[in-house]
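S.K.: Residue numbers 6 to 416, in the working numbering, belong to the letters of the sequence shown in order.
Note that CB positions come from ideal geometry on N, CA and C, so glycine has one too.
Note that this is a predicted model, so its numbers are computed, not measured.
Take a look at the following structure, please.
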Amino acid sequence: MRINFRRRTDVMPPPPRLTKHHPSSVDLELVKRLLVATDAKTLRAFLRREFDCVSPALAERLVDEMQAGVDGDTSPKQLDGKQVVRLHQLLHEVRFDDPRGDHLSPAGEYNLRLGVMKELSPELIATHQGDVRVFEGHAFIVEAAVSVGGRDIKPGINVYRFANRIPLLFEGGSDVITKTALRRINWASYKINQATDKVGVFVSIVSTKIPFKGAGKEYIGDDVEEMVGAVKAAIRACCVQLKAKIVRALAAREQKQRKRNLVRYIPDAANAVFSVLERMAQRAAAAGGAAAAAGGASAAAAGGVKKEDEEGGDAGPGPAKRRRVAGPVDGRGLLPAVAAHEVTAATLAARLTEYVERIDTDMALEYQVQQGLAAGGAKEPLYLAPLSGRHSHGPELHANVCVLKLLTGYT
6 MRINFRRRTD VMPPPPRLTK HHPSSVDLEL VKRLLVATDA KTLRAFLRRE
56 FDCVSPALAE RLVDEMQAGV DGDTSPKQLD GKQVVRLHQL LHEVRFDDPR
106 GDHLSPAGEY NLRLGVMKEL SPELIATHQG DVRVFEGHAF IVEAAVSVGG
156 RDIKPGINVY RFANRIPLLF EGGSDVITKT ALRRINWASY KINQATDKVG
206 VFVSIVSTKI PFKGAGKEYI GDDVEEMVGA VKAAIRACCV QLKAKIVRAL
256 AAREQKQRKR NLVRYIPDAA NAVFSVLERM AQRAAAAGGA AAAAGGASAA
306 AAGGVKKEDE EGGDAGPGPA KRRRVAGPVD GRGLLPAVAA HEVTAATLAA
356 RLTEYVERID TDMALEYQVQ QGLAAGGAKE PLYLAPLSGR HSHGPELHAN
406 VCVLKLLTGY T
C-alpha cells in the first residue's frame with residue numbers, strides 16, 4: 006500500500022541561517038568554550054566575531070570595563086578564571102540591541118492558511134504573524150491561525166501546537182498555547198461561541214531556543230511572560246479579523262432572512278386585509294341601496310321645507326339637527342373591484358410578494374454599495390480573458406464563485 010500526501014503549496018519558507026550568539030543569551034560554560042575555540046587573536050576581535058549586535062565602539066567599551074590588566078589586544082586564550090567570569094558578567098549587564106530575527110524560518114501566513122484550508126476546509130479563517138520578540142537574548146516569532154467551522158473538528162476550542170514547525174502532541178493542557186487559548190481569550194467579544202462553534206487555534210513558535218518543559222520536550226512552559234504576551238497578541242489579532250468577517254456574514258444572513266420572514270406572513274396579511282375590504286364593500290353596497298330607496302321621500306321633504314320657508318313658518322324650538330355627510334372614502338376604486346370579485350386574497354398576496362421582491366432587491370443593492378464604501382481602497386478592474394494563444398496567464402486563483410487567471414504577457 007502506498008499513501009501519497011498531496012502538496013498544497015509550492016512556496017517554501019526561507020531556510021534558517023547560521024547566526025552568532027547574542028551576548029545576553031550565553032552562559033559561563035558557553036563563554037569558556039567560545040574562548041577556547043575562537044581564531045581571534047585579540048579580545049576586541051573576539052567580541053566582534055563571536056557575538057551578534059556588538060559594534061566596534063561597544064567592543065572597546067566592554068574591554069575598558071573589564072580592567073584588571075586586560076586591554077583590546079589581549080589574547081582571548083590568556084584570560085584567567087576571574088577575567089572570564091567578569092566578561093560573562095559584563096555581557097549580561099550591558100544593554101545590547103535585540104536580535105533581528107532574520108535567521109529564523111517561520112512557515113509564513115500564506116502556507117499556514119493553505120495548510121488549515123486543506124485539512125479542515127473551514128468557513129472562516131484568519132492568520133497573523135507577529136513581530137520578532139526576544140526571550141533571554143533569543144529571537145522568536147509567533148504565527149497563529151484561527152478558523153471557524155470545517156470538517157473533522159469537534160465543537161469548542163481545538164488547539165494545535167507547533168514548535169519550529171514541528172507539531173507538539175502530548176501534555177497539551179500544560180502548554181502556554183493551550184492555556185492562553187482557553188483562559189486568556191474572551192471569545193464572546195469576537196462573536197465566537199466557545200462552547201458550540203467549531204474553532205481551530207493553530208499557533209507556531211519559531212525560535213533558536215524554545216523553553217520546553219519535561220524530559221521529552223513535550224510542551225512549552227507557561228512561565229515565560231514574553232511568550233505568553235506574544236501568543237495572546239497573535240491569537241487576538243486573528244480574532245479581530247474574524248470578528249469583522251463574522252459581523253459581515255451575520256448582516257448578510259439577516260438580509261436574506263428578512264425576505265424569508267416577510268414572505269412567511271404574506272398569506273395571513275393578505276387574508277386579513279381582504280376580509281376588511283370585503284366587509285367595507287358590503288357596507289358600501291348596503292348604504293348605496295338604502296340611499297336609493299329614500300331618494301323620492303327626501304326630494305318631497307325638501308320641497309315641503311322650502312314651501313314652509315317661503316311662507317315664513319317656524320321650524321320648531323331648539324337648534325336644527327345637522328346631518329353628517331360622508332366624505333370621500335380612501336380606496337374608493339378598490340371596493341367596487343372587491344365587490345365584483347376582481348380583487349381577491351390571492352391577488353393581494355401576489356401584489357405583496359412582488360413588493361417584497363422589489364424591496365429586497367433594492368435593499369440588497371444598497372447593502373452591497375455600503376459594504377464597498379466601507380471597505381475603501383482601490384479596486385482592481387476585472388476583465389474577461391480572450392481565447393487567444395497570444396496571451397499568457399499566471400496560475401489559477403480559486404475563489405468561492407469563480408476562478409481567476411491574471412494576464413502576465415502578450416505576444
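Assuming H97 and S29 form a contact by the criterion Cβ under 8 angstroms, report the distance between their Cβ atoms to the nearest whole angstrom.
M.R.: Stepping through the sequence shown from its first residue, residue 97 is reached at position 92. Stepping through the sequence shown from its first residue, residue 29 is reached at position 24. Going by Cβ atoms, the distance from H97 to S29 rounds to 6 angstroms, so yes, they are a contact pair.
S.K.: Considering only residues of the region 88 to 133, which uninterrupted alpha helix (DSSP H) runs meet the minimum length of 4 residues and lie entirely inside it, listed in chain order?
M.R.: 114 to 125
S.K.: H143 bridges to which residues according to DSSP?
M.R.: By one-based count along the sequence shown, residue 143 stands at place 138. DSSP lists F140 as partners of H143.
S.K.: Use the C-beta contact count for A291: other C-beta atoms within 10 angstroms, 16 or more gives buried, fewer gives exposed.
M.R.: Counting from one through the sequence shown, the residue named residue 291 turns up at place 286. A291 is exposed by the Cβ-count criterion.
S.K.: Nearest CA to the CA of R118: which residue from S179, Q134, P104?
M.R.: In the sequence shown, counting from the first residue as 1, residue 118 sits at position 113. With distances taken between Cα atoms, R118 lies closest to Q134.
S.K.: Under a three-way DSSP split, which group does I271 fall into?
M.R.: Numbered from its first residue, the sequence shown carries residue 271 at position 266. The answer is helix: DSSP assigns I271 an H, G or I state.
S.K.: Tell me which residues share the same chain as I146 and place their Cβ nearer than 7 angstroms to its Cβ, disregarding the 5 neighbours each side in the sequence.
M.R.: Stepping through the sequence shown from its first residue, residue 146 is reached at position 141. Result list for I146: G106, L109, P111, Q134, G135, V137, V211, in chain order.
S.K.: Return the CA-CA distance between G178 and P400, expressed in angstroms with no decimal places.
M.R.: Against the sequence shown, residue 178 aligns to sequence position 173. Against the sequence shown, residue 400 aligns to sequence position 395. Approximately 42 angstroms between the Cα atoms of the pair.
S.K.: Just to confirm before moving on: does the CB-CB distance between E141 and K203 stay below 8 angstroms?
M.R.: Sequence index remark: in the sequence shown, residue 141 carries index 136 (1-based). Sequence index remark: in the sequence shown, residue 203 carries index 198 (1-based). Cβ distance not < 8 angstroms, so E141 and K203 don't count as in contact.
S.K.: Does G155 pass the burial test, meaning 16 or more other C-beta atoms within 10 Å, or should it be called exposed?
M.R.: The residue you call residue 155 lines up with position 150 of the sequence shown. Answer is buried; the Cβ neighbour count reaches 16.
S.K.: To the nearest angstrom, how far is the alpha carbon of P341 from that of Y360?
M.R.: Position 336 of the sequence shown, counted from the first residue, corresponds to residue 341. Position 355 of the sequence shown, counted from the first residue, corresponds to residue 360. Straight through space, the alpha carbons of Y360 and P341 are spaced by roughly 23 angstroms.
S.K.: Where L173 and K222 are concerned, what is the direct C-alpha to C-alpha distance, given to the nearest angstrom?
M.R.: Within the sequence shown, the letter at position 168 stands for residue 173. Within the sequence shown, the letter at position 217 stands for residue 222. About 9 angstroms.
S.K.: Within its chain, find whatever has a CB closer than 7 angstroms to the CB of A286; leave out the 5 residues flanking it on each side and keep chain order.
M.R.: Residue 286 sits at position 281 when you count from the first residue of the sequence shown. Answer for A286: L340, V343, A344, listed in chain order.
S.K.: Pull the bridge partners of P172 from the DSSP assignment, please.
M.R.: For the purposes of this step, residue 172 is taken as the residue at position 167 of the sequence shown. F167, per the DSSP bridge assignment.
S.K.: Am I right that S430 and G205 are in contact with their C-beta atoms under 8 angstroms? What's the rounded C-beta distance?
M.R.: Residue 430 is absent from the structure shown; the chain starts at 6 and stops at 416.
S.K.: With distances taken Cα to Cα, identify the nearest neighbour of Y165 among I182, V31, D273.
M.R.: Within the sequence shown, the letter at position 160 stands for residue 165. Ranking I182, V31, D273 by Cα distance to Y165 puts I182 first.
S.K.: What's the gap between the Cα of A42 and the Cα of K196?
M.R.: By one-based count along the sequence shown, residue 42 stands at place 37. By one-based count along the sequence shown, residue 196 stands at place 191. Distance between the alpha carbons of A42 and K196: 57 angstroms.
S.K.: Does the distance from the C-beta atom of V36 to that of H93 stay below 8 angstroms?
M.R.: If you number the sequence shown from 1, residue 36 lands on position 31. If you number the sequence shown from 1, residue 93 lands on position 88. Contact: yes.
S.K.: Roughly how many angstroms lie between the CA atoms of L52 and E230, to the nearest whole one?
M.R.: Working through the sequence shown from its first residue, we reach residue 52 at position 47. Working through the sequence shown from its first residue, we reach residue 230 at position 225. Taking the straight line from one Cα to the other gives about 30 angstroms.
S.K.: DSSP on S397, reduced to helix/strand/coil?
M.R.: Numbered from its first residue, the sequence shown carries residue 397 at position 392. In this structure, S397 counts as strand in the three-state DSSP scheme.
S.K.: Three or more C-beta pairs closer than 8 angstroms, one from the region 11 to 27 and one from the region 64 to 77: is that the case here?
M.R.: no
S.K.: I'd like to check one pair, V99 with Q88: are the Cβ atoms closer than 8 angstroms?
M.R.: Here residue 88 is taken as the residue at index 83 of the sequence shown, counted from 1. Here residue 99 is taken as the residue at index 94 of the sequence shown, counted from 1. Contact flag unset, no.
S.K.: Which same chain residues end up closer than 8 angstroms to I190 when comparing Cβ atoms and leaving out the 5 residues on each side of it in sequence?
M.R.: As a first step, residue 190 is located in the sequence shown; it is residue number 185 there, counting from the start. These residues qualify, in order along the chain: K237, I240, R241, C244.
S.K.: Please confirm whether any heavy atom of the ligand NAD lies closer than 7 angstroms to the CB of R284.
M.R.: Because no ligand of any kind appears in the structure shown, any question about the ligand NAD cannot be addressed here.
S.K.: So what does DSSP say about E347, is it helix, strand or coil?
M.R.: Position 342 of the sequence shown, counted from the first residue, corresponds to residue 347. Note: E347 maps to coil in three-state DSSP.
S.K.: Are L187 and I162 closer than 8 angstroms when you measure CB to CB?
M.R.: Here the question's residue 187 lines up with position 182 in the sequence shown. Here the question's residue 162 lines up with position 157 in the sequence shown. Contact: yes.
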